[in-house]
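In this note's numbering, the protein residues as written are 9 to 117. Beta carbons: idealized from backbone N, C-alpha and C, even for Gly. To keep things clear, I will list the structure first and then write my remarks on it.
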Amino acid sequence: MKRDEVKAVVTGGASGLGEATVRQFVRDGAHVAILDVNEERGEKLASELGENVEFYVTDVTDEESVTTAMDQAVRVFGKVNTVVNCAGIGSAEKTTGKRGTHRWSLLKR
9 MKRDEVKAVV TGGASGLGEA TVRQFVRDGA HVAILDVNEE RGEKLASELG ENVEFYVTDV
69 TDEESVTTAM DQAVRVFGKV NTVVNCAGIG SAEKTTGKRG THRWSLLKR
């Protein structure tokens with residue numbers, strides 16, 4: 009597949025590894041849909057990167073949210089032929105230590 013034929017969806021695409029992935033796809037000429045819960049960062053990134061980028065507020069823990077975003081991407085791009093999952097929420101706290109595990113609520117969303 010030629011790089012300019014890529015129609016990609018990147019979950020978690022508004023920051024971190026997802027953002028870097030989006031930026032590389034755009035440099036390569038791809039069309040990219042950013043799916044992320046962070047509306048402010050997602051809108052800003054899509055605006056910065058131009059007309060080949062769409063942003064959809066999406067919570068990947070909610071099937072309906074993902075389905076809606078994927079349907080929108082297909083409508084805009086005609087198809088989706090690449091998906092990269094970078095969505096995830098991390099914590100700066102340790103999850104284990106000498107005395108066992110720490111707060112399990114860190115791992116839940």
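Kindly indicate the opening and closing residues of the alpha helix (DSSP H) around residue i.
i: GLU59; result: Neither: GLU59 is in no alpha helix (DSSP H) and is coded neither H nor E.
i: THR69; result: No alpha helix (DSSP H) contains THR69, which DSSP labels as neither H nor E.
i: GLY96; result: No alpha helix (DSSP H) holds GLY96; DSSP gives it neither H nor E.
Between residue i and residue j, is the Cβ-Cβ spacing less than 9 Å?
i: GLY21; j: VAL14; result: no
i: TYR64; j: GLY50; result: yes
i: VAL68; j: ALA16; result: no
What's the call for residue i, buried or exposed, on a 16-neighbour Cβ count within 10 Å?
i: GLY96; result: exposed
i: GLU27; result: buried
At which residues does the beta strand (DSSP E) containing residue i begin and terminate?
i: VAL18; result: 15 to 19
i: VAL91; result: 90 to 93
i: VAL40; result: 39 to 44
Kindly identify the DSSP beta-bridge partner or partners of residue i.
i: PHE63; result: ILE42
Quiz item: Pairing CB atoms from the segment 30 to 46 with CB atoms from the segment 66 to 86, are three or more of them under 8 Å?
Solution: yes
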